[in-house]
């Protein structure tokens, strides 16, 4: 079953088609190199798809819908934002807990696990005054 996805009306998608698209999302995550997904604090958005460079996710926002949304952008870059939002919402309502487990484990396997350079916090010297 290979249904076309180019701006297909999300209202007409069946549960079987949504599960097919979810499997495509999982497969696309597995195709990406390690470090493709990155966590970053952002204002006004949950995630950003940067063509074939990276997907940046705000870790303070809901993870599962954001990953699904951004990978849908990666799979179907020509589709409009409203279409992506509707399909993401429908997929989130169809998947079960095992599907969430598969999505999160695939996502975590593609995060960059190298430790980042930590900046040492300088301790301020506190001057104590002595009373005589």
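Residue numbers (my numbering): 136 to 267.
The C-beta atom is built at its ideal place from N, Cα and C for all residues, glycine as well.
Model, not experiment: these values are computed from the prediction.
*From residue 227 to residue 172, what distance separates their C-alpha atoms?*
20 Å
_Let's test the definition: count the other Cβ atoms within 10 Å of the Cβ of residue 156 and tell me whether it reaches 16, buried, or not, exposed._
buried
*State buried or exposed for residue 182, treating a residue as buried only when at least 16 other CB atoms are found within 10 Å of its CB.*
It is buried - the Cβ of residue 182 has at least 16 other Cβ atoms within 10 Å.
_residue 153, DSSP secondary structure in three states_ = helix
*asked:* Along the chain, where does the alpha helix (DSSP H) containing residue 218 start, and where does it finish?
replied: 216 to 229
*So which of 150, 215 and 188 has the shortest CA-CA distance to residue 230?*
Comparing Cα-Cα distances from residue 230 to each of 150, 215 and 188, the minimum goes to 150.
*the stretch 212 to 220 / the stretch 193 to 202 touching (three or more Cβ pairs under 8 Å)*: Contact check between the stretch 212 to 220 and the stretch 193 to 202: fewer than three CB pairs, one atom from each, fall below 8 Å, which does not count as touching.
*Which residues in the same chain as residue 245 place their Cβ atom closer than 7 Å to its Cβ, once the five residues preceding and following it in sequence are excluded?*
164, 167, 169, 171 and 172
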